[in-house]
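Step one of this worksheet: look at the structure below.
There are 4 protein chains.
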Amino acid sequence: MIHAPDLQQIVTEIADEMRRRSDRGEVATYIPELARADPAKFGIAVIDAQGRVAMGGDAEEPFSIQSISKVFTLTLALGRVGDRLWRKVGREPSGSAFNSIVQLEYEMGVPRNPFINAGAIAVTDTILSGHKPREALGDILRFMHFVADDTAIVIDETVAASESRTGFRNAALANYMKAFGVLDNPVDYTLGVYFHHCAIAMSCRQLAMAGRFLAHQGKNPSTGFTVVPAERARRINAIMLMCGHYDGSGEFAYRVGLPGKSGVGGGILAIAPDKASIAVWSPGLDDTGNSHLGRIALEALTQRMGWSVFGA
Amino acid sequence: MIHAPDLQQIVTEIADEMRRRSDRGEVATYIPELARADPAKFGIAVIDAQGRVAMGGDAEEPFSIQSISKVFTLTLALGRVGDRLWRKVGREPSGSAFNSIVQLEYEMGVPRNPFINAGAIAVTDTILSGHKPREALGDILRFMHFVADDTAIVIDETVAASESRTGFRNAALANYMKAFGVLDNPVDYTLGVYFHHCAIAMSCRQLAMAGRFLAHQGKNPSTGFTVVPAERARRINAIMLMCGHYDGSGEFAYRVGLPGKSGVGGGILAIAPDKASIAVWSPGLDDTGNSHLGRIALEALTQRMGWSVFGA
Amino acid sequence: MIHAPDLQQIVTEIADEMRRRSDRGEVATYIPELARADPAKFGIAVIDAQGRVAMGGDAEEPFSIQSISKVFTLTLALGRVGDRLWRKVGREPSGSAFNSIVQLEYEMGVPRNPFINAGAIAVTDTILSGHKPREALGDILRFMHFVADDTAIVIDETVAASESRTGFRNAALANYMKAFGVLDNPVDYTLGVYFHHCAIAMSCRQLAMAGRFLAHQGKNPSTGFTVVPAERARRINAIMLMCGHYDGSGEFAYRVGLPGKSGVGGGILAIAPDKASIAVWSPGLDDTGNSHLGRIALEALTQRMGWSVFGA
Amino acid sequence: MIHAPDLQQIVTEIADEMRRRSDRGEVATYIPELARADPAKFGIAVIDAQGRVAMGGDAEEPFSIQSISKVFTLTLALGRVGDRLWRKVGREPSGSAFNSIVQLEYEMGVPRNPFINAGAIAVTDTILSGHKPREALGDILRFMHFVADDTAIVIDETVAASESRTGFRNAALANYMKAFGVLDNPVDYTLGVYFHHCAIAMSCRQLAMAGRFLAHQGKNPSTGFTVVPAERARRINAIMLMCGHYDGSGEFAYRVGLPGKSGVGGGILAIAPDKASIAVWSPGLDDTGNSHLGRIALEALTQRMGWSVFGA
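Chains as they are written, first to last, in the numbering used here: chain A, 261 to 572; chain B, 261 to 572; chain C, 261 to 572; chain D, 261 to 572.
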């Protein structure tokens, strides 16, 4: 009889291997809060279908989830407006950098997918939908508490303020979409909510908890609550695989073989469908803006567990 | 006890549903051989891990596989030069049309992936590698015979001649890459081999046979022959999912949830990892150049069989 | 003995011909103030080296000069910072629409020339240079009074307010340049001054007066005041010829053969070097955004007067 | 009484100044024949309305005129098909490099102007017009003999052969236009003629002779022969000013202020309308691909003679 590989042992091994590596990528420097992150940090948390939690390294330390929040705002927006969302944003990989504005001009202000900055701003605009920024942010935070089953998750206001002060390129994207009628709310409102949800701070453990519904047919297997229908969970996973790592999405699919979404804070949420929800964190980024050790750790995990969606 | 869904019954149902649909897309018209295809045709063949073959509609009728051949030339080239191939071609989705030349200029003649035309021409150039076009074509055809376990597969010379006569846009791509030193062989040689391998004619049954190694860890489960290592099979599947349907790849992942590669002749090869190799054919294309009914049939099949890689 | 053509007679003829034409282009509609302009209007004013003023049609009626103001802000900025201006903006035609953002991404936030919107915003930022918007606007208006020798010229505040309310595309351009460090002042300040100087209202006669220094070696021949050195006047004329009509600049040079700058309000300022300063106005635009009858009238004037810079 | 500046004296001074400069740009290296050019060479020839020839430096030494030939093929093509030429090629500056293919994709295979490579290939295709390459080349050469009044001008076959062997990027442009139906003749024929007319060798004196019709209302003032109507000469001058120096056209207009056309062999033909035809040659190029000393010499000449079209 063949035993299943021991998840906690593999996670521990991987955390050890990552701790020893000297190649750690470059920490993002565009705001001081991110620039101060310690490149020596590495955390990993994996939660399987039975709710067993395996952790390694700095898995309990909160970090700025940044673009990973886009998975949850997409889920929330789809819950609000359903397929009408797709009038404002596409579902194709962009073939360009996360903050490129070129494609917006060629495609009349409609961003290619919900995970590039322009697309996530359009999704945020849908959540606002006439409300005040404070209310929309409250909704987003309550949704995070719900999916992670954890009311301790908060927004780091210092990060949000820094992003607002320096976010000219995102302001360019938002104004450009506004010019094409893609945004309904005042540009400042939409940007304000966007900068704030990107500033949510979570630990690997919290993030892996929050991703469980995507691994398990739309349901949180512990609470039993349905977050989305199973088909929608599959579809969000598909978008994560296609577009979750900006212009490194192909590389992530090729090496890791799981749906995932990265953030410039060094976190990655990855989903092994029907098997596990996984979060890794290491602040150093590779040249496509994705966590360098995070990707390497996920590649090791997928191989050792046999979790690639592309075959045994 | 829950019974597995009956594959042949589902395939028969889908073939019936497709026969009754009036929306059939538009047949490609750029060469007379493709323009003559009957839009009423629909075929489907599914081969599972045990080698059971389920077929529906015109599953035994040969059609021009066109770009689907790129999966096999990629496999062959990786077998020849391994990861050195990636010096000449990337692995990221292109975010633009299959025959776009814009990206080539911005990225110094290196195509984004092996499944856009420029990338497939670069792959073909690698297979040529100093040999005569006739020898390279012989190698490709022998490889098709091997993976499909069928020596009856041939090239349609009339189609190849038509492509050569009208392939100015592909000639532009090839000359452009030659200018950047990405192609090693004479442009005419490389284009000649490219036009010919796109003109291979196969039935759905033959194509599903040829794709089996991608579904089963690199091995043909009937013959027992290993075509590629398991990791390479997974990686080719990853590239198919990311890039297999041009600028409709996101849509295909979102709706079907399987790695797949389409051709302008109306065929699609799709892989359900560890479960089945699937080929569909219907000549009418949607506005991204992929088989309209082919995609719809695959969406139905995946849902009914629960085969999406993104979760149950 | 050959008599010089009689300027007033030719101007009267042209005004008559324009009045009779039924092809009048399309009035700009993006703000109500411009949309209300009467397409039947046509005005022309020509002032020669001796100060003789020839007028036809609605030459005394003020209109929104819009982008024509960019000639004067360029002149003012060059007076302030000299050639340092060219660190922030280029001198090459753009090969794209007046409000395109694509080029900014490919060229790191530096606009191609001072007459596309992005370039004019960068020039405006230079004039601001740490001052309050009100002071910068005062400077610009005083400069207009000086060059036109007319203190009656004012800003149409209603137009400025409309532009501010709807100028999202310009806000995108400004934020984009700010992200690249090309703008020094707060985005709102720079945009505020930009929207206001585009809202200056002038008649053809006033505009032709204001352009005289460009026709006469940098000097206003009536007042005797030197506005710029002769070389700078030539260089501003060169930029007008190359870039003054957005993506219709080639057409204007080909047909009219004079340096000129158009505005979306339907005005064009044209310079016949050493001969005359010319202003025309007709609100209907052609498909490159330039005054339809304005260009035709200038073509007729240049031909009849033999004023093309490209030869007799 | 003010004397006109003495042309020969100024030309001699400029040739001396150029000889002493150490900044000479970089010689083109893409074919050995150009790479062998001596960067120390500098020649200048100016022919005024009275036919007086002023020369300096290596004004009698033949060089490869390269893209300067495009002025003459444009003239010949307009003579053949008149304004129908403009169905195949535009008249706007390109805003990109001379050999860019990006714009062709966005504008459906129609090049922006006759002086970028794609445009000149389209013009050459018009001259071919069903004839054999040899006949078209004969026509072009006879036209050069006619406008230069010199039957000694020949094509350098070694240069033409080198260009053919390495001209993959031009082959890409030609095939791309062929795909859009912009070229009528076989791609090889059109490219063959194009590579050959770019390989015409002329001295500065011969080139200045050949340009005289553009300076003098379409007529060669010595022979009295009319080459084109005066309006067409003005219009060709306009296109030269707008597009004659690739993505350095704005810079040339700004500094020199004359219509001109440069070639990668280091030559520039410049026209002072109604005053003179000018040719300069120095093989070192600046970073926009135009003769470094050639441009500097023309700037000096224009200033000292007061010949700028933009004013005294």
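Heads up, the beta-carbon is just placed ideally off N, CA and C, and yes, glycines get one too. This structure is a prediction, so every number in the text was calculated from the model and none was measured.
Asked                                                                                                                           : Found
Selection from Ile-528/A, Leu-334/A and Arg-492/A that minimises the alpha carbon distance to Ile-325/A                         : Ile-528/A
The stretch 550 to 568 of chain D in contact with the stretch 511 to 522 of chain D per 3-pair CB rule at 8 Å                   : yes
Pair within 9 Å by beta-carbon distance, Arg-465/C and Met-315/C                                                                : yes
Beta-carbon spacing of Arg-472/C, Ser-482/C below 9 Å                                                                           : yes
Thr-289/A classed as buried or exposed, judged by whether at least 16 other C-beta atoms fall within 10 angstroms               : exposed
Ile-376/A - DSSP class collapsed to helix/strand/coil                                                                           : coil
Per-residue DSSP class, three states only, for Phe-323/C                                                                        : strand
Proximity test, Arg-281/A beta-carbon vs the ligand FMN heavy atom, cut-off 8 Å                                                 : The ligand FMN is not among the ligands present in this structure, which contains no ligands whatsoever.
Buried or exposed (CB count within 10 angstroms, at least 16 for buried), Asp-416/C                                             : buried
Nearest to Ser-354/C (by Cα), restricted to the options His-505/C, Gly-342/C and Pro-393/C                                      : His-505/C
Neighbour-count burial assignment, Asp-546/B, 16 or more Cβ in a 10 Å radius                                                    : buried
Cutoff 9 Å: Asp-507/C Cβ touching any chain D Cβ                                                                                : yes
CB contact below 9 Å: Arg-372/B versus chain D                                                                                  : no
Assigned secondary structure, Thr-486/D (DSSP; H/G/I helix, E/B strand, else coil)                                              : strand
Beta-carbon neighbours of Tyr-436/D, restricted to chain B and to distances below 8 Å                                           : Ile-361, Phe-428, Arg-429 and Ala-432
For Ser-210/B: DSSP bridge partner residues                                                                                     : With chain B represented from 261 up to 572, any question about residue 210/B goes unanswered, as that position is not in the structure.
Beta carbon proximity, Leu-294/C to chain A, threshold 9 Å                                                                      : no
Whole-angstrom distance between Pro-393/B and Tyr-449/B, CA atom to CA atom                                                     : 6 Å
Where the beta strand (DSSP E) through Asp-343/D begins and ends                                                                : Per DSSP, Asp-343/D belongs to no beta strand (DSSP E) and is neither H nor E.
Assigned secondary structure, Leu-501/C (DSSP; H/G/I helix, E/B strand, else coil)                                              : helix
Ser-422/A versus Gly-398/A: straight-line alpha-carbon distance, rounded                                                        : 20 Å
Selection of the stretch 444 to 473 of chain B by Cβ proximity to chain A, strictly under 8 Å                                   : none
Min CB distance His-405/D to chain C below 9 Å                                                                                  : no
Those runs of the beta strand (DSSP E) which lie wholly inside the stretch 375 to 444 of chain C and span at least 3 residues   : none
Ser-282/A, buried or exposed, once every other Cβ within 10 Å from all chains shown has been counted against 16                 : exposed
Outcome for Tyr-436/A when other beta-carbon atoms lying within 10 angstroms are tallied against a minimum of 16                : buried
Interface flag, Leu-388/C vs chain D, CB-CB below 9 Å                                                                           : no
For Lys-535/D: DSSP bridge partner residues                                                                                     : Looking at the DSSP assignment, Lys-535/D forms no beta bridge with any residue, so it has no partner.
Segment contact, 8 Å Cβ cut-off, at least three pairs: the stretch 537 to 552 of chain A with the stretch 302 to 310 of chain A : yes
Beta carbon of Ile-499/B nearer than 9 Å to that of Leu-364/B                                                                   : no
Which listed residue (Arg-429/D, Gln-269/D and Val-488/D) has its alpha carbon closest to that of Met-368/B                     : Arg-429/D
Candidates Ala-532/A, Pro-533/A, Ala-513/A and Trp-541/A: closest to Gly-526/A by CA position                                   : Trp-541/A
Ala-305/A: first and last residue of the uninterrupted alpha helix (DSSP H) it sits in                                          : Segment 303 to 308 is the beta strand (DSSP E) holding Ala-305/A; no alpha helix (DSSP H) there.
Through-space distance from Gly-508/D to Gly-441/B, alpha-carbon basis                                                          : 27 Å
Partner residues on chain A for Met-502/B, Cβ-Cβ distance less than 9 Å                                                         : Pro-353, Leu-501, Met-502, Ser-509, Gly-510, Ala-513 and Tyr-514
Own chain residues within Cβ distance below 7 Å of Phe-403/A, not counting five before or after                                 : Phe-332 and Leu-336
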